[in-house]
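Peer 1: Just passing along the structure, written as structure tokens.
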Amino acid sequence: MKFLKILIISILFSFSGIAKTSENTVVPFTLSDRGRIMRTEQKLEAFQKNVYDKFNGIDGKFEGIDDKIWIDGKFEGIDDKICFTTK
């Protein structure tokens with residue numbers, strides 16, 4: 032039983048050592064990779080701004096249509112004409 036405990040503990044320590052060394056490995060990273068990543072980030076920012084501007088444009092169009100139709104005001108006018116009063 033004691034041998035089994037020692038075996039399990041040694042296996043755990045060995046796997047934790049392997050995990051620590053794999054985390055510290057150096058990934059080759061060149062200046063061309065850096066430039067490519069920066070260009071990709073710039074394209075993503077431009078795309079996000081474009082999408083944001085389009086959604087704002089659509090919101091503006093719907094607000095303009097809502098102001099043009101003004102449905103709520105028409106229903107208020109109908110309610111005033113019917114004049115339901117309870118006494």
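Letter 7 of the sequence shown, counting from 1, is numbered 38 in my numbering, and no numbers are missing. The beta-carbon is built from N, C-alpha and C at its ideal position, and this holds for glycine as well. Please read these numbers as outputs of a predicted model, since none were measured by experiment.
Whole angstroms are fine: how far does the CA of T71 sit from the CA of F93?
Peer 2: In the sequence shown, counting from the first residue as 1, residue 93 sits at position 62. In the sequence shown, counting from the first residue as 1, residue 71 sits at position 40. Cα to Cα, F93 sits roughly 33 Å from T71.
Peer 1: Suppose you measure from the CA of S63 to the CA of K33; what does that come to, to the nearest Å?
Peer 2: In the sequence shown, the residue the question calls residue 63 occupies position 32. In the sequence shown, the residue the question calls residue 33 occupies position 2. Whole-angstrom Cα-Cα distance: 56 Å.
Peer 1: I need the DSSP call for M32, collapsed to helix, strand or coil.
Peer 2: The residue labelled residue 32 in the question sits at position 1 within the sequence shown. Note: M32 maps to coil in three-state DSSP.
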